[in-house]
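S.K.:
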Amino acid sequence: MRHILVTGGCGFIGSNFIRYQLSEYSDISITNLDKLTYAGNLENLKEIESHSGYKFVKGDIADSNFVNSLLESTDFDAVINFAAESHVDRSILDSGPFIQTNIVGTQILLDASRKQNIKRFVQVSTDEVYGSLGLEGLFTEETPIAPNSPYSASKAAADLLVRSYYKTFDLPAIITRCSNNYGPYQFPEKLIPLFISNAMEDKDLPIYGAGTNVRDWIHVNDHCRGIDAALRKGEVGQVYNFGGNTEMQNIEITRVILKLLKKPESLIKYVTDRPGHDMRYAIDCSKAESELGWKPETEFQSGLDATLKWYQENLDWVNRIRSGKYLQYYDQQYGNRLNT
Ligand code: NAD
Ligand code: TYD
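Sequential numbering of the sequence shown, starting at 4, is according to this note's numbering.
#1: On a Cα-Cα basis, can you pick out the residue from 106, 204 and 143 that is closest to residue 290?
#2: Going by beta-carbon coordinates alone, are residue 156 and residue 108 separated by less than 8 Å?
#3: Sorted by chain position, which residues of the same chain lie with C-beta nearer than 7 Å to residue 167's C-beta, five sequence neighbours on each side aside?
#4: Within 10 Å of its beta-carbon, does residue 300 have 16 or more other beta-carbons around it, so buried, or fewer, so exposed?
#5: In whole angstroms, what is the alpha-carbon distance linking residue 147 and residue 160?
#6: Less than 8 Å between the beta carbons of residue 200 and residue 314, yes or no?
#7: Do you know offhand how far residue 273's Cα is from residue 213's?
#8: Cα-Cα, which of 111, 120, 122 and 83 is closest to residue 128?
#9: Is the closest heavy atom of the ligand TYD to the C-beta of residue 347 under 7 Å?
#10: Using three-state DSSP, classify residue 191 as helix, strand or coil.
#11: Pull up the distance between the alpha-carbon of residue 61 and that of residue 48, whole angstroms please.
#12: Within 7 Å: the Cβ of residue 219 and any heavy atom of the ligand NAD?
#13: Could you pull the start and end residues of the alpha helix (DSSP H) that residue 259 belongs to?
#14: Check whether the Cβ atoms of residue 162 and residue 132 sit closer than 8 Å, and answer yes or no.
#15: Just to confirm, is the Cβ distance from residue 182 to residue 246 under 8 Å?
#16: Just list the beta strand (DSSP E) runs in the segment 202-257, keeping only unbroken ones of 3 residues or longer that don't cross its boundaries, in chain order.
#17: Buried or exposed: residue 239, going by 16 or more other Cβ atoms within 10 Å of its Cβ?
#18: Can you tell me whether residue 136 is helix, strand or coil according to DSSP?
#19: Determine, using beta carbons only, whether residue 10 and residue 69 come nearer to each other than 8 Å.
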């Protein structure tokens with residue numbers, strides 16, 4: 004795997020993945036194709052922008068002329084598709100961009116990869132395609148797909164397209180499905196970075212519903228190691244689940260964040276629940292452990308401490324994002340949740 008095309012590399016997980024690859028392997032080069040949506044930020048890769056093994060290309064995975072000419076002009080060994088609209092709440096407000104990027108974009112990448120005989124196509128997917136669990140049980144790779152939000156439905160549709168290109172055209176594709184990530188460079192609209200950023204500014208922390216929904220949290224570095232293992236050791240046509248073995252209720256996480264930041268629990272605000280809110284995600288990642296030799300390594304408390312510290316030390320990054328258009332969007336959404 005010498006030349007890798009990463010899509011969506013200016014977002015949270017993609018930027019961490021590129022940094023990981025370039026520090027781990029000296030003989031690879033990475034092209035990062037990113038549209039730079041509201042979630043894409045060139046600053047996330049500032050320290051490697053002049054690295055000889057790195058190239059950035061601005062473009063849209065749903066633009067077939069652009070994608071085809073990029074893949075024709077460069078001899079990529081692998082394509083790793085991180086590019087997506089990734090926030091459930093935004094998908095509830097407007098599913099259009101989710102269909103366009105997550106489904107149409109994936110189809111265009113698959114077709115271009117097929118034409119160029121790409122040796123590995125890794126689709127970075129999510130445990131959310133499995134839907135919601137009750138109090139018991141874990142998602143395995145055999146769990147039927149049953150997405151509940153427009154976001155997870157669009158990711159599930161993309162997974163099915165990837166599967167069909169493997170079955171129909173022998174495209175050497177692998178799908179990874181990971182639980183909720185946390186860590187540096189996560190856009191502060193997702194639970195952990197939003198609550199850290201709000202608490203640092205003494206702003207309310209809006210808990211949807213009763214706060215008892217459970218997510219399994221994994222440090223982004225562990226996810227990046229998993230994708231790397233799937234790329235290099237995974238069997239084509241297979242799905243691999245990754246999780247952090249750290250199930251927590253949203254309210255528990257919120258209390259931990261407040262305690263670490265020495266902020267009062269009076270900042271917690273219970274607001275109108277998210278429609279179709281999945282109750283619980285939990286992952287069985289024994290297949291990745293036995294077949295890829297992978298397991299999550301970052302213990303949650305130390306990972307969260309480091310993440311908190313990163314947000315405290317990167318206030319300029321946070322403040323640049325939490326201004327202007329994004330702040331208007333956030334305040335409007337928060338207002339709606341208080342009023343309904
Ligand atoms: P993100 O929202 O932080 O980043 C998405 C990136 O994709 C941005 O840089 C954006 O500019 C780019 N992008 C969006 N539309 C594009 C398009 N049409 N063409 C090219 N680039 C485009 O997302 P993330 O949290 O880093 O997630 C990355 C991937 O991992 C997604 O596919 C997501 O579904 C998946 N995933 C995320 C999590 C999580 O907890 N964040 C968990 C499991 C899986
Ligand atoms: P989120 O980070 O949006 O990830 P996902 O919906 O993909 O799991 O949300 C994580 C959990 O936190 C989810 O149960 C919704 C909840 N949540 C809140 O209670 N308040 C918030 O402001 C946000 C963004 C999320």
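Here a beta-carbon is modelled for each residue, glycine too, at the ideal position from N, C-alpha and C. The model shown is predicted, which means the values in this text are computed figures rather than measured ones.
M.R.: With the given structure in hand:
#1: Selected option, being the one with the closest Cα: 143.
#2: No. Outside cutoff.
#3: So no residue of the chain qualifies.
#4: Looking at its Cβ environment, which holds fewer than 16 other Cβ atoms inside 10 Å, residue 300 is exposed.
#5: The straight-line gap from Cα to Cα measures roughly 13 Å.
#6: When the beta-carbon positions are compared, residue 200 and residue 314 come within less than 8 Å of each other.
#7: Straight-line Cα distance between these residues: approximately 7 Å.
#8: For residue 128, the closest alpha carbon among the candidates 111, 120, 122 and 83 is that of 83.
#9: Past the edges of the chain, shown from 4 to 343, lies residue 347, and the structure says nothing about it.
#10: Residue state, collapsed to three classes: coil.
#11: Straight-line spacing of the CA atoms in residue 61 and residue 48 works out to 14 Å.
#12: No, the beta carbon of residue 219 sits no closer than 7 Å to any heavy atom of the ligand NAD.
#13: Counting along the chain, the alpha helix (DSSP H) containing residue 259 begins and ends at 253-263.
#14: Taking the C-beta atoms as reference points, residue 132 is found nearer than 8 Å to residue 162.
#15: Their beta carbons are under 8 Å apart, which means residue 182 touches residue 246 by this criterion.
#16: The beta strand (DSSP E) runs of length 3 or more contained entirely in the segment 202-257 are, from start to end of the chain, 208-211, 217-222, 242-245 and 250-252.
#17: Flag for residue 239 reads exposed.
#18: It is a strand residue.
#19: Residue 69 sits away from residue 10, with the two beta carbons spaced by 8 Å or more.
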